[in-house]
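Below you'll find the structure, written out as structure tokens, and then a few comments.
Protein chains: 2
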Amino acid sequence: MTLRFIVVFLCGISALLVSGQPSLILTEKGLNEIRNQLGKAPLFDASLEKVRAQIDAEIARPIDVPVPVDLAGGYTHQQHKANFFNLQKAGVLFQITGEEKYAQYVRDVLMAYKELYPQLDRHPAERSYARGKFFWQCLNDANWLVYVSQAYDCIYDWLPAKERKALNKELFRPYADFLSVETPQFFNRIHNHSTWGNAAVGMIGLVMDDEELVQRALYGAREASVTGPAQDNDGGQILDKDQKMGFLAQVDEAFSPDGYYTEGPYYQRYAMYPFLIFAQALANNKPELGILNYRNGLLIKAVYALVNQTNAQGEFFPINDAQKGMSLLSRELVFGVSMAYHYGGNDPELLSIIEKQGRVPLNDAGMAAAKGITEGKTQPYTFKSIELTDGAAGDEGAIGIIRADNLTLLMKYAKHGMGHGHFDRLGFLLYDAHGEVIQDYGAARWVNIEHKDGGGYLKENHSWAKQTLAHNTLVVDKDSHFDGKVKAADQVAGTPYYFLPGDDVQIVSAKETNAYKDVAMHRTMAVVRVPELENPLVIDLFAVQAPEGTRYDLPLYYLGEFMSSNQDFETNDTLTPMGAHDGYQHLWQEAQAIAKGKVFRFTWFNKRNFFTMHSAVREGDELLLTRIGAYDPNFNLRRDPGLIHRRTSGNTLFASLYELHGSYDYTTERPLNLFTAIADFRVLHESADYVAVQFELKNGNRYVFAFSLTDDDESSRHQLQIENKNLEWTGIYNFYKTDNE
Amino acid sequence: MTLRFIVVFLCGISALLVSGQPSLILTEKGLNEIRNQLGKAPLFDASLEKVRAQIDAEIARPIDVPVPVDLAGGYTHQQHKANFFNLQKAGVLFQITGEEKYAQYVRDVLMAYKELYPQLDRHPAERSYARGKFFWQCLNDANWLVYVSQAYDCIYDWLPAKERKALNKELFRPYADFLSVETPQFFNRIHNHSTWGNAAVGMIGLVMDDEELVQRALYGAREASVTGPAQDNDGGQILDKDQKMGFLAQVDEAFSPDGYYTEGPYYQRYAMYPFLIFAQALANNKPELGILNYRNGLLIKAVYALVNQTNAQGEFFPINDAQKGMSLLSRELVFGVSMAYHYGGNDPELLSIIEKQGRVPLNDAGMAAAKGITEGKTQPYTFKSIELTDGAAGDEGAIGIIRADNLTLLMKYAKHGMGHGHFDRLGFLLYDAHGEVIQDYGAARWVNIEHKDGGGYLKENHSWAKQTLAHNTLVVDKDSHFDGKVKAADQVAGTPYYFLPGDDVQIVSAKETNAYKDVAMHRTMAVVRVPELENPLVIDLFAVQAPEGTRYDLPLYYLGEFMSSNQDFETNDTLTPMGAHDGYQHLWQEAQAIAKGKVFRFTWFNKRNFFTMHSAVREGDELLLTRIGAYDPNFNLRRDPGLIHRRTSGNTLFASLYELHGSYDYTTERPLNLFTAIADFRVLHESADYVAVQFELKNGNRYVFAFSLTDDDESSRHQLQIENKNLEWTGIYNFYKTDNE
Ligand SMILES: [Ca+2]
Ligand SMILES: [Ca+2]
Ligand SMILES: [Ca+2]
Ligand SMILES: [Mg+2]
Ligand SMILES: [Mg+2]
Ligand SMILES: [Mg+2]
Ligand SMILES: [Mg+2]
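Chains as they are written, first to last, in numbering that gives the first Met the number 0: chain Z, 0 to 740; chain G, 0 to 740.
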């Protein structure tokens with residue numbers, strides 16, 4: 000059926016639809032608008048046709064509601080998962096197109112579930128702390144109900160009363176009870192699993208007009224006794240000390256006031272969907288709750304926080320456990336960004352994100368976004384430098400994101416991130432326009448890919464990916480931060496010291512004093528623009544206060560191919576693992592150099608650009624070129640390169656400069672600016688109170704960056720004696736061009 | 000100036016232009032057409048504006064014609080190279096726009112060269128067998144003259160007679176003599192260097208109406224004595240035994256009748272430009288020569304041969320010395336494909352290539368192509384399965400290219416390729432829609448990137464990239480083909496046995512009996528479609544006749560991440576190089592297995608798809624997982640994975656099946672068909688005369704492929720006893736579904 004035909008057809012049928020339902024996500028008013036606009040907003044039409052083609056193909060196949068047996072990745076698991084996605088889409092198609100075949104499909108599948116449900120005990124696989132019915136864990140069952148309640152809502156009024164009653168009584172109400180009062184260790188916690196449970200129970204409650212379920216969703220299953228403590232499948236603690244519970248408590252606890260989620264954007268993307276979908280249902284059905292204004296409009300803010308945690312390709316920063324490649328194109332963000340547009344004030348910059356997504360959700364928000372795009376309202380999204388605080392009150396660390404031209408720098412000094420956290424305090428990531436320049440490894444996992452231990456977390460996720468050594472931050476005495484203990488790490492966050500978004504000088508600076516006993520670390524990264532250079536420079540000052548004889552390893556996971564260095568690396572003809580624990584067992588040492596002179600220069604090439612690191616070195620420093628992949632019996636790790644700056648010292652400063660320069664094109668084979676433009680880099684001053692470095696361009700121009708490590712008062716006056724010259728300034732930092740003499 | 004303004008302006012100036020010149024590439028007639036069509040063919044307009052912006056910026060800078068000092072990559076080299084590209088573009092801009100600033104720029108730069116030229120002896124760097132004037136080798140000087148003669152042609156009539164005379168006498172004629180009679184070891188050979196020389200001298204001859212130079216270009220500098228033998232900078236022999244010379248002889252010798260160039264497409268792309276540009280000049284100025292019809296229109300055919308040697312991304316197959324990434328987007332192909340369109344019969348399929356190029360050359364052909372696109376004539380290019388013969392007479396081996404849905408298979412049994420050849424007889428490459436699946440390493444070189452040994456060939460190009468071990472073909476007794484000797488390899492080509500382009504069954508089969516003493520190799524690859532599977536399968540039957548006790552290593556350079564295998568690999572905690580020579584010194588052995596059972600299954604993932612190899616194994620076979628990168632002091636090699644099937648035997652057969660299956664999307668995280676659909680694969684028969692294999696799908700369906708190794712008569716009747724059944728067929732092969740019983 001062509002769109003034109005649909006439009007004509009709909010004019011006839013829209014009047015036929017009984018009012019009242021749907022009301023969960025789609026509403027009568029929204030549907031009228033959608034039907035009126037069909038054929039006029041191409042992005043919506045295209046999204047509709049794509050879903051229709053998919054569901055038409057699905058409907059042609061026999062219904063398949065198997066008896067649950069498998070774990071994630073297995074057949075029954077995948078089938079039940081496919082079912083709930085298809086049901087939700089079919090329901091929406093019924094409402095938009097009025098074609099009964101979609102309603103019939105939803106009914107038929109639901110009836111099959113109704114038949115199956117009473118036969119089931121908990122899932123036979125015993126791996127979960129909260130085993131489900133259709134799936135091995137309640138989390139997936141809650142996913143099912145969040146989607147299926149939307150489908151049910153779409154056919155609710157269309158169903159004969161008898162069938163509706165049977166479904167309510169024999170499937171949905173018992174299922175909601177199962178997920179809540181019968182599984183309090185899943186439902187009554189502050190945890191992303193519980194958010195799904197709360198949303199699922201609340202949404203089906205709204206559909207069935209079952210206020211008891213809605214209250215249970217919002218405030219917890221208080222009639223059930225809480226059992227615990229327990230761990231989730233990833234080792235995350237799910238028992239909260241003071242037993243807050245219910246959806247509103249989740250909103251209170253899950254996000255910082257800036258919309259940051261402590262597990263990081265990969266999990267936030269997943270965790271956001273139940274927050275957003277249930278919030279939308281509540282906004283439609285319980286406007287008196289004012290859920291979208293709750294905590295200063297936090298849920299919309301959280302969507303922005305996600306958008307801001309992406310690289311130029313729209314991919315999320317892979318901090319903590321995260322599979323790389325997850326991006327703004329995901330279905331959760333397709334839903335979320337249009338919702339943020341529609342309910343968050345029609346920000347035209349969000350439309351540019353939605354254009355890149357290339358599709359909209361089939362609901363009121365999706366139509367509003369598609370209309371906005373059609374009307375030419377789109378404006379480019381401005382990625383600003385921002386600091387996102389962590390912790391429910393916003394006082395438990397943060398991540399700092401600095402944007403400058405094509406460069407994106409992320410530094411992490413947030414909370415640990417619970418079971419999905421990595422021991423990466425003061426670590427950083429760097430991107431250019433083409434993707435990663437200095438990477439975080441991400442998680443050691445192939446999500447849902449059964450070849451790799453069923454698609455779950457691999458043991459190398461713990462033994463490598465989480466370890467401090469796998470990150471661009473300091474490893475002391477070959478040990479991971481907090482000795483690799485989640486509980487200890489969860490108790491204290493990093494300490495923000497200074498964040499300066501801006502233009503030619505931007506700074507992120509933070510301290511970490513708990514990760515190692517008797518070691519105080521303070522990293523300051525400045526992104527500076529100087530007129531002589533094509534790209535901003537990144538200055539990296541890692542100051543440490545520690546006892547004499549401390550062994551420091553500062554790794555750098557550059558991506559690409561090593562081009563040249565001013566140091567003389569000796570390669571090894573035999574490779575052995577660099578250690579036995581804390582990640583060292585997974586590194587081969589390919590080459591090493593004993594540092595000579597005052598500076599270590601290292602140039603690499605990645606994709607289309609050259610990069611040079613300049614690091615101040617001192618006598619005895621070692622430079623190691625590493626490769627990931629040792630002790631990897633199942634080939635679970637990528638063979639990525641790394642570089643370790645090793646030093647044994649007491650208080651010290653690791654000072655580096657990262658320079659993006661030049662380009663290369665494989666069809667012209669012409670390199671531009673393939674050599675560094677920096678002639679020299681050195682430390683002018685280091686003490687407990689100040690650091691100051693200087694770099695000199697090849698044209699002779701010199702720049703100095705000085706920073707106060709202990710006094711962050713903007714009005715303080717500082718004075719340093721540097722090479723017989725007096726340097727004075729006001730405020731936390733000073734960046735200036737010297738007089739050349 | 001806007002295009003609209005240009006058009007108005009040009010109506011005024013076109014009458015002012017003196018007739019006669021330009022005539023070399025641009026012609027009076029062509030220019031009239033171009034000027035008339037400006038503003039009507041967007042691709043031409045965009046190409047023009049891009050060039051104009053570039054040259055306008057260039058003209059604003061001071062002229063820079065430095066005294067030559069540097070080798071390739073160095074400053075003076077890059078500057079002279081930039082000059083000739085800019086001059087050619089400025090000349091064309093002058094003719095199209097009529098703006099004199101472009102002519103003045105060309106004149107000013109040429110005058111600077113005229114001043115410089117008499118001061119120069121040969122270039123100070125002594126690395127070349129034929130040192131140039133502006134560059135370290137005559138090859139680059141010939142490049143210069145090919146481009147600059149076009150610029151000169153564009154301002155020839157505009158220049159005052161006195162300046163023209165001075166340039167002719169003091170710069171161009173002496174320079175043409177220098178490149179020809181004064182450097183016969185460069186000019187008088189059959190070699191791609193000489194082609195540039197011939198074109199350069201011929202083109203400047205046409206501009207200056209200097210028939211002596213044109214004759215020299217066409218037939219060689221017969222007045223000069225030939226000196227030699229000599230080697231070019233890459234170690235290629237440039238002395239031809241019977242001293243053919245001149246441009247027509249180059250056309251005779253450089254290409255096979257199918258337009259294949261023995262060095263492979265990477266070098267063909269580079270070598271084509273002087274052939275095409277001089278041919279176009281000859282077509283314009285010496286139509287009586289009929290150059291574009293020469294050898295059945297060979298030069299146009301050669302453009303098609305290049306287009307056919309690309310993957311789905313338009314990148315050339317990296318056989319022999321080749322930097323990956325070189326593609327149809329290169330300036331040579333931008334010129335060549337439009338030329339092939341315009342002079343080769345307006346093939347509408349070429350327009351789809353030109354659309355992907357996104358620009359056209361600023362000449363008659365470019366305008367014709369842009370017009371064709373504007374008029375909606377574009378048709379998709381049909382990549383057909385073809386065999387491209389090698390050798391001037393087409394009887395010295397070939398490459399076979401099979402296309403089936405998204406799969407592209409290349410098998411190489413051509414000539415060696417002289418100094419740029421790799422020891423890769425019967426090697427193959429496999430691509431899917433997203434790029435490489437089974438790779439050829441390409442060259443070990445970063446072209447023009449000075450960090451890496453000045454941008455030239457690295458020593459690992461010889462020690463690794465050229466060696467047989469670096470290819471997907473058989474290594475016997477740890478030795479490269481022809482014991483790594485170019486001279487021996489150049490003397491004999493591979494032997495095509497059978498090539499079947501087609502639909503559901505396509506076959507490429509070839510023999511190599513010279514690469515190893517007493518070893519006859521015969522590889523047959525069949526690409527078959529069966530209705531049960533989503534993608535075609537590749538059957539690989541590598542039959543060898545050799546003495547007992549021969550040690551075989553059959554490498555496979557799969558790209559991506561190893562997923563799982565039915566064999567039990569043991570990984571190594573210490574890595575040492577696998578050997579001392581023939582490439583083994585560059586491989587680490589990461590893991591190994593002693594083959595168990597009858598079949599070895601190996602699944603990997605790359606980009607978005609899964610792949611499974613099924614190989615028949617026998618008792619004692621070893622399977623080794625390798626990693627490139629040992630003995631690599633300058634980090635010149637990529638750390639790519641490999642797989643070696645090792646067997647010690649006499650006559651034997653390596654039988655494998657490559658299966659592309661399923662997909663994975665990083666935003667849905669949903670894998671499809673991540674496991675093989677093949678339950679079993681085995682050899683039913685092997686003998687000196689026949690091979691037959693069978694695979695069984697998981698649904699129980701069985702397919703048999705049988706092949707006659709010695710009788711390639713299409714009408715022969717064959718009979719094999721297989722498992723108590725009689726298999727009879729007519730022709731070279733049989734592929735059929737068995738009756739399941
Ligand atoms: Ca410890
Ligand atoms: Ca430890
Ligand atoms: Ca040898
Ligand atoms: Mg968890
Ligand atoms: Mg990490
Ligand atoms: Mg050569
Ligand atoms: Mg090769």
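In this text, a Cβ means the ideal position worked out from N, Cα and C, and glycines have one as well. Fair warning: this is a prediction, and the values are worked out from it, not measured in the lab.
Short-range partners of chain Z found in the stretch 570 to 593 of chain G, where Cβ spacing is below 8 Å: So the list reads T570, D572, T573, L574, T575, P576, W587, E589, A590, given in the order they occur along the chain.
Terminal residues of the beta strand (DSSP E) in which I62/Z lies: Premise fails: I62/Z is in no beta strand (DSSP E) and is neither H nor E.
DSSP state of Y155/G mapped onto helix, strand, coil: Coil, per DSSP.
Coil, strand or helix - W587/G by DSSP: Residue state, collapsed to three classes: strand.
Rounded Cβ spacing between H421/G and K465/G (contact assumed at less than 8 Å): That belief holds up - the Cβ atoms of H421/G and K465/G are roughly 5 Å apart, short of 8 Å.
Inter-residue CB distance, N191/Z and A141/Z (contact presumed, cutoff 8 Å): Taking a contact as a CB-CB distance under 8 Å, the pair N191/Z and A141/Z does not count as one, their CB atoms being some 10 Å apart.
Contact set between P317/Z and chain G, taken where Cβ atoms lie within less than 7 Å: Within chain G, no residue has its beta carbon less than 7 Å from that of P317/Z; the closest one is some 11 Å off.
Chain Z contact for V50/G (CB, 8 Å cutoff): Not an interface residue.
Three-state secondary structure (DSSP) of H470/Z: It is coil, neither helix nor strand.
Contact the stretch 622 to 634 of chain G vs the stretch 531 to 540 of chain G: 3+ CB pairs below 8 Å: As far as the Cβ criterion goes, the stretch 622 to 634 of chain G does not touch the stretch 531 to 540 of chain G, which means the pair count is below three.
Check: I318/Z C-beta below 7 Å from any heavy atom of ligand 5: Result yes, Cβ under 7 Å from ligand 5.
Rounded separation between G204/G and V66/G - CA only: Spanning the two alpha carbons is a distance of roughly 26 Å.
Any chain C beta carbon closer than 8 Å to M271/G: Any reference to chain C falls outside this structure, whose protein chains are Z and G.
Counterpart residues of N399/G in DSSP-defined beta bridges: Just to set this straight, residue 399/G is Gly in the shown sequence, not Asn. The partner list for G399/G (beta bridge, DSSP) reads E386/G, M410/G.
Residues that E603/G bridges to, as DSSP identifies them: Per the sequence shown, the amino acid found at residue 603/G is Trp instead of Glu. In the DSSP output, where bridge partners are listed per residue, W603/G has F561/G, F610/G.
Assigned secondary structure, V213/Z (DSSP; H/G/I helix, E/B strand, else coil): Helix, per DSSP.
DSSP-derived helix/strand/coil call for I24/G: I24/G: coil per DSSP, three-state reduction.
Integer Cβ distance of D581/G from S479/G, believed to fall under 8 Å: Confirmed, Cβ separation roughly 5 Å.
Expected contact under 8 Å - CB spacing of H415/G and V518/G to nearest Å: Actually they do not touch by this definition, with Cβ atoms about 17 Å apart.
C-alpha distance - D156/G paired with E331/G, whole-angstrom precision: Each residue's Cα considered, the two are about 28 Å apart.
Top-ranked residue by Cα proximity to N284/G, from G371/G, D346/G, S564/G, S22/G: Among G371/G, D346/G, S564/G, S22/G, the Cα nearest to that of N284/G is on S22/G.
Distance cut-off 7 Å: A464/Z Cβ against heavy atoms of ligand 5: True, at least one ligand heavy atom lies under 7 Å from that Cβ.
Per DSSP, cross-strand counterpart(s) of E685/Z: Answer by DSSP bridge pairing, in chain order: V690/Z.
8 Å Cβ cutoff, M762/Z in contact with chain G: Coverage of chain Z is limited to positions 0 through 740, which leaves residue 762/Z absent and any answer about it impossible.
Length of the line joining the Cα atoms of V526/G and F134/G: Here the alpha carbons of F134/G and V526/G stand approximately 48 Å from one another.
Length at least 4, wholly inside the stretch 56 to 110 of chain G: the alpha helix (DSSP H) runs in chain order: Counting only runs of 4 or more, we get 74 to 96.
Extent of the continuous beta strand (DSSP E) to which P670/Z belongs: Run containing P670/Z: 669 to 671, per the beta strand (DSSP E) assignment.
Secondary structure of P123/Z, DSSP reduced to three states: If DSSP states are grouped into helix, strand and coil, P123/Z belongs with coil.
Interface partners of E742/Z on chain G, CB under 8 Å: Coverage of chain Z is limited to positions 0 through 740, which leaves residue 742/Z absent and any answer about it impossible.
Heavy atom of ligand 7 within 7 Å of D679/Z beta-carbon: No.
Exposure label - K697/G; buried when at least 16 CB within 10 Å: Label assigned to K697/G: exposed.
Pair within 8 Å by beta-carbon distance, M366/G and F43/G: Contact flag set, yes.
N-terminal and C-terminal residue of the beta strand (DSSP E) that F498/Z is part of: Per DSSP, the continuous beta strand (DSSP E) segment holding F498/Z begins and ends at 494 to 499.
In DSSP terms, what G434/Z is bridged to: In DSSP, G434/Z forms a bridge with D431/Z.
Opposing strand residues paired with I677/G [DSSP bridges]: BP columns for I677/G point to L696/G.
Contact between the stretch 185 to 199 of chain G and the stretch 151 to 169 of chain G (3+ Cβ pairs under 8 Å): No contact exists between the stretch 185 to 199 of chain G and the stretch 151 to 169 of chain G.
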